[in-house]
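In what follows, a structure is listed as C-alpha coordinates, so that the remarks can point back to it.
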Amino acid sequence: MGDSNSSVQNNHVEVITNNSIIKHYVNGMSRFLILWVIRFKGPIHGYAILNELDAFFTILIDEGSLKKSSPSNIYPILNRLEDLNLIVSELKVKNNKKIKYFEITDEGVHVLNYMYSRFDIIHNNPQWKLLFETMD
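Numbering (the working numbering), first residue to last: 130 to 265.
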(Lines of atoms letter the chains of each structure in order from A; the text may use other names.)
(Lines give C-alpha, C1' and ligand atoms only; values in the text may rest on other atoms or scores of the structure.)
Protein backbone atom coordinates (compact mmCIF):
# COMPACT_ATOMS: atom_id res chain seq x y z
CA MET A 130 0.00 0.00 0.00
CA GLY A 131 2.84 2.40 0.83
CA ASP A 132 4.39 1.78 -2.60
CA SER A 133 1.11 2.73 -4.31
CA ASN A 134 0.87 6.06 -2.45
CA SER A 135 4.53 6.77 -3.15
CA SER A 136 4.00 6.03 -6.84
CA VAL A 137 0.98 8.33 -7.02
CA GLN A 138 2.89 11.09 -5.22
CA ASN A 139 5.90 10.68 -7.53
CA ASN A 140 3.60 10.84 -10.55
CA HIS A 141 1.98 14.01 -9.15
CA VAL A 142 5.40 15.64 -8.69
CA GLU A 143 6.37 14.66 -12.25
CA VAL A 144 3.17 16.20 -13.68
CA ILE A 145 3.69 19.43 -11.73
CA THR A 146 7.40 19.84 -12.53
CA ASN A 147 6.87 19.28 -16.25
CA ASN A 148 3.67 21.29 -16.55
CA SER A 149 3.91 24.08 -19.09
CA ILE A 150 0.71 25.67 -17.76
CA ILE A 151 2.56 26.74 -14.60
CA LYS A 152 5.44 28.13 -16.65
CA HIS A 153 3.07 30.06 -18.95
CA TYR A 154 1.26 31.50 -15.93
CA VAL A 155 4.52 32.71 -14.40
CA ASN A 156 5.75 34.10 -17.73
CA GLY A 157 2.49 36.00 -18.17
CA MET A 158 2.73 37.50 -14.70
CA SER A 159 6.42 38.37 -15.01
CA ARG A 160 5.99 41.60 -16.96
CA PHE A 161 3.45 42.93 -14.48
CA LEU A 162 5.60 41.90 -11.52
CA ILE A 163 8.75 43.41 -13.04
CA LEU A 164 6.95 46.73 -13.53
CA TRP A 165 5.71 46.57 -9.94
CA VAL A 166 9.18 45.76 -8.57
CA ILE A 167 10.78 48.59 -10.53
CA ARG A 168 8.13 51.05 -9.41
CA PHE A 169 8.34 50.24 -5.72
CA LYS A 170 11.98 49.17 -5.40
CA GLY A 171 13.60 51.30 -8.11
CA PRO A 172 15.98 52.44 -9.20
CA ILE A 173 17.01 48.80 -9.17
CA HIS A 174 19.50 46.67 -11.10
CA GLY A 175 18.71 43.47 -12.96
CA TYR A 176 20.13 41.03 -10.42
CA ALA A 177 18.00 42.57 -7.67
CA ILE A 178 14.96 42.32 -9.97
CA LEU A 179 15.70 38.58 -10.40
CA ASN A 180 15.75 38.12 -6.63
CA GLU A 181 12.54 40.09 -6.14
CA LEU A 182 10.80 38.09 -8.86
CA ASP A 183 11.89 34.79 -7.34
CA ALA A 184 10.47 35.90 -3.98
CA PHE A 185 6.97 35.86 -5.54
CA PHE A 186 7.38 32.24 -6.59
CA THR A 187 9.43 30.79 -3.70
CA ILE A 188 7.02 27.92 -3.06
CA LEU A 189 7.06 26.87 -6.73
CA ILE A 190 10.86 27.10 -6.84
CA ASP A 191 11.25 25.17 -3.58
CA GLU A 192 8.96 22.34 -4.73
CA GLY A 193 10.80 22.10 -8.05
CA SER A 194 7.90 23.07 -10.32
CA LEU A 195 9.67 26.28 -11.39
CA LYS A 196 13.29 27.22 -11.94
CA LYS A 197 14.78 30.38 -10.50
CA SER A 198 14.70 33.41 -12.78
CA SER A 199 17.69 33.75 -15.04
CA PRO A 200 19.23 36.75 -16.78
CA SER A 201 18.55 35.12 -20.17
CA ASN A 202 14.81 35.27 -19.37
CA ILE A 203 14.61 38.62 -17.59
CA TYR A 204 16.86 40.88 -19.66
CA PRO A 205 14.88 40.44 -22.90
CA ILE A 206 11.76 41.44 -20.95
CA LEU A 207 13.55 44.46 -19.51
CA ASN A 208 14.75 45.43 -22.99
CA ARG A 209 11.22 45.10 -24.38
CA LEU A 210 9.74 47.16 -21.53
CA GLU A 211 12.36 49.80 -22.25
CA ASP A 212 11.55 49.72 -26.00
CA LEU A 213 7.91 50.33 -25.05
CA ASN A 214 8.97 53.32 -22.90
CA LEU A 215 7.56 51.68 -19.77
CA ILE A 216 10.95 51.76 -18.05
CA VAL A 217 14.24 53.57 -18.54
CA SER A 218 17.74 52.49 -17.67
CA GLU A 219 20.87 54.28 -16.61
CA LEU A 220 24.39 52.91 -16.40
CA LYS A 221 26.10 53.70 -13.14
CA VAL A 222 29.59 52.80 -12.03
CA LYS A 223 29.82 51.00 -8.71
CA ASN A 224 33.08 49.42 -7.50
CA ASN A 225 34.58 49.97 -10.98
CA LYS A 226 31.72 48.01 -12.59
CA LYS A 227 29.08 49.38 -14.93
CA ILE A 228 25.66 48.42 -13.60
CA LYS A 229 22.38 49.14 -15.35
CA TYR A 230 19.67 50.50 -13.08
CA PHE A 231 16.01 50.60 -14.08
CA GLU A 232 13.25 53.05 -13.22
CA ILE A 233 9.61 53.13 -14.26
CA THR A 234 8.38 55.91 -16.54
CA ASP A 235 5.11 57.83 -16.23
CA GLU A 236 3.78 55.67 -19.05
CA GLY A 237 4.87 52.56 -17.13
CA VAL A 238 3.03 53.79 -14.04
CA HIS A 239 -0.07 54.36 -16.19
CA VAL A 240 0.11 50.80 -17.58
CA LEU A 241 0.70 49.36 -14.10
CA ASN A 242 -2.30 51.27 -12.71
CA TYR A 243 -4.44 50.05 -15.60
CA MET A 244 -3.41 46.47 -14.85
CA TYR A 245 -4.27 46.97 -11.17
CA SER A 246 -7.73 48.19 -12.14
CA ARG A 247 -8.26 45.16 -14.40
CA PHE A 248 -7.16 42.79 -11.62
CA ASP A 249 -9.66 44.46 -9.30
CA ILE A 250 -12.46 44.00 -11.85
CA ILE A 251 -11.47 40.37 -12.43
CA HIS A 252 -11.18 39.73 -8.69
CA ASN A 253 -14.74 40.96 -8.19
CA ASN A 254 -16.18 39.03 -11.14
CA PRO A 255 -18.65 36.40 -9.84
CA GLN A 256 -17.21 33.72 -12.15
CA TRP A 257 -13.72 34.18 -10.72
CA LYS A 258 -15.07 34.20 -7.18
CA LEU A 259 -16.80 30.89 -7.90
CA LEU A 260 -13.55 29.46 -9.25
CA PHE A 261 -11.67 30.27 -6.07
CA GLU A 262 -14.54 29.23 -3.79
CA THR A 263 -14.69 25.78 -5.39
CA MET A 264 -10.96 25.05 -5.20
CA ASP A 265 -10.06 22.22 -2.86
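Glycine included, each C-beta is placed from N, C-alpha and C at the ideal position.
*Mind checking which residues open and close the alpha helix (DSSP H) that includes F185?*
In the sequence shown, residue 185 corresponds to position 56, counting from 1. Per DSSP, F185 belongs to the alpha helix (DSSP H) from G175 to F185.
*Flag F261 as yes if its beta-carbon sits less than 7 Å from any beta-carbon of chain C, otherwise no.*
Annotation note: the requested chain C is absent from the structure, which comprises a single protein chain.
*asked:* Short of 7 Å in beta carbon distance, which residues of its chain neighbour S199, apart from the five on each side in sequence? Order them along the chain.
replied: As a first step, residue 199 is located in the sequence shown; it is residue number 70 there, counting from the start. Once the five neighbours on either side are set aside, S199 has no close Cβ partner at all.
*Taking DSSP as the reference, what is the three-state secondary structure of N220?*
As a first step, residue 220 is located in the sequence shown; it is residue number 91 there, counting from the start. Sequence check: residue 220 is Leu here, not Asn. L220 falls in the strand class under three-state DSSP.
*Buried or exposed by the 16-neighbour rule on C-beta atoms within 10 Å, applied to V166*: As a first step, residue 166 must be located in the sequence shown, where it is residue number 37. Label assigned to V166: buried.
*Taking 7 Å as the cut-off, decide whether the C-beta atoms of K226 and L220 are in contact.*
Working through the sequence shown from its first residue, we reach residue 226 at position 97. Working through the sequence shown from its first residue, we reach residue 220 at position 91. In this structure, K226 lies away from L220, with their beta-carbon atoms at least 7 Å apart.
_Per the DSSP calculation, Y230 is bridged to which residue(s)?_
To locate residue 230, count along the sequence shown from 1; it is residue 101. Looking at the DSSP assignment, Y230 forms a beta bridge with H174 and E219.
*Secondary structure at N202, three-state DSSP: helix, strand or coil?*
As a first step, residue 202 must be located in the sequence shown, where it is residue number 73. Correct three-state label for N202: helix.
*How long is the line joining the alpha carbons of P255 and K223, rounded to whole angstroms?*
Here residue 255 refers to the residue found at position 126 of the sequence shown. Here residue 223 refers to the residue found at position 94 of the sequence shown. Roughly 51 Å separates the two Cα atoms.
*Measuring CA to CA, which of V155, H252, W257 and S218 is closest to N202?*
What you label residue 202 is simply residue 73 of the sequence shown in a count that begins at 1. When only C-alpha atoms are compared, the closest one is V155.
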